[in-house]
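To keep things clear, I will list the structure first and then write my remarks on it.
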Amino acid sequence: MTMTVQRNFVCACIGDLHGWLLQERSGTVGKILNAFDTTINIRTKEDELLVITLGKVRSPANLNVTASNTIDGFKGIIREDEKAFIQDENRDKEPSATLLVGDANIAVGDCNRFRNYFSSLDPHAIQTFASNSYGIFSELESLGQANKFGCLLNPDMTTRGLFAGFIDQLISDCTIKDQQEFDSRISKGLKHLCGVGPGFTPAGDDFIAGYLAMRNSLGNAMKLGDAVIPGNDFSVLTTWTSFKLIEYSARNLLDDQAQHMINSVAHNNLEAYIESVRLISKRGHTSGLDFATGVTVALFTIADRVFKTSVLPSLVYTLET
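Take the position in the sequence shown, starting the count at 1, then add 4; the result is the number in this note's numbering.
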């Protein structure tokens, strides 16, 4: 009979989306969807995505943990489809609950909380970035050619033609004066990318997440109307986990690196933006680069619509040369 070894972890930071766990005394938290060596994805009873991670990147959806008695992380101790529970035996004291996930015990009683903060937009920022669009896009293309085969900027057979096709549509639709009609057209274009491409989260999904993150974060400042939030017509095209990540980006529930990328535009800091592109592009096989590409295209879309620049047509020229 094999002896099960419990591994202990401590919560270092919890995202604001799951702050309720700090007050929970007992009960089911949700079901384990995916288990990797350093990450666990849980679908909570609130129908939200809880990401338990040994990584340092903070997010409203994350529970960042450190290991107390292991160097193996979650390897071999988590089984998919199991339930995750929370229990607190110190009912007369301050909450100091333990999250039970497979054979992992995670103390969640005392940890920092992460919530998003977005800076006010510098009124000259959009024009600055539009004026430097060639340098930004060249950086994205260079990163795409560096071992990112399958991303939208270095496509494989599953993603070939998607980026150019979407840009062509954007150029055509930018002449639409009514913002609501424009958003409807863009939503249809984004939907064609949903669920398409390689990766745990498909390349198209990562692009959509980035595009909506930038579009919606600048929505109020640029008077773009209501936020564009994908609905059930998107969710049926991809996995539940990937759709939730798209949804969170659209709701501007972003991790700290993506938040920094958005804020670098608000601060009119081109150098910080490019550094964010380089940092985020390291994620996964193509996911980070496709996210950064989506953010950038949304920024250039706003520039062309609001300030009547011609950045998007120049991207097509760059792709063709």
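Note that the Cβ used here is the ideal one computed from N, Cα and C, for glycine as well.
All figures in this text were calculated on a predicted structure; none of them were measured in a lab.
- Boundaries around Asn267 are those of the alpha helix (DSSP H), 260–270, since no beta strand (DSSP E) includes it.
- When the beta-carbon positions are compared, Val14 and Ser63 stay at least 8 Å from each other.
- Collapsing the DSSP output to three states places Gly80 in coil.
- In its chain, beyond the 5 residues on either side, Cys198, Gly199 have a beta carbon closer than 6 Å to the beta carbon of Leu241.
- By the Cβ neighbour-count rule, Arg164 is exposed, with fewer than 16 other Cβ atoms within 10 Å of its own.
- In the same chain as Arg282, and ignoring 5 residues on each side of it, the C-beta atoms closer than 8 Å to its own belong to Glu143, Leu147, in chain order.
- The beta carbon of Pro206 sits closer than 7 Å to those of Gly199, Val200, Thr242, Ser246, all from its chain and outside the five residues before and after it, given in chain order.
- Boundaries for Gly34: no alpha helix (DSSP H) harbours it, while the beta strand (DSSP E) harbouring it runs 30–39, taken from the DSSP string.
- Here the C-alpha atom of Pro234 lies approximately 38 Å from the C-alpha atom of Asn12.
- Contact check for Val310 against Ile190 fails: the beta carbons are separated by 8 Å or more.
- Per DSSP, Phe133 is one residue of the alpha helix (DSSP H) stretching across 129–135.
- Measuring C-alpha to C-alpha distances from Asp210 to each of Leu222, His289, Asp182 identifies His289 as the nearest.
- Shown here, Ile180 sits in coil according to DSSP, grouped into three states, outside any helix or strand.
- Around the Cβ of Val55, a 10 Å sphere holds 16 or more other Cβ atoms; the residue is buried.
- The C-alpha of Val301 lies about 10 Å from the C-alpha of Ile212.
- When DSSP assignments are scanned along the stretch 150–228, the uninterrupted stretches of alpha helix (DSSP H) that are 4 or more residues long and fall wholly within it turn out to be 166–177, 183–195, 207–221.
- Between Leu258 and the set Glu50, Phe295, Asn224, the nearest pair of CA atoms involves Phe295.
- In the DSSP assignment, Phe295 falls within the alpha helix (DSSP H) that extends over 291–310.
- Cα atoms of Ile18 and Asn120: separation of roughly 12 Å, rounded to the nearest angstrom.
- Taking the CA atoms as reference points, Glu52 sits about 16 Å from Phe238.
- Under a 10 Å Cβ-count criterion, Thr305 is classified as buried, with 16 or more other Cβ atoms of the shown protein chains found around its own Cβ.
- Here the alpha carbon of Val315 sits roughly 15 Å from the alpha carbon of Phe167.
- Under the three-state reduction of DSSP output, Ile56 falls in the strand class.
- Rounded to the nearest angstrom, the gap between the Cα atoms of Ala307 and Thr313 is 6 Å.
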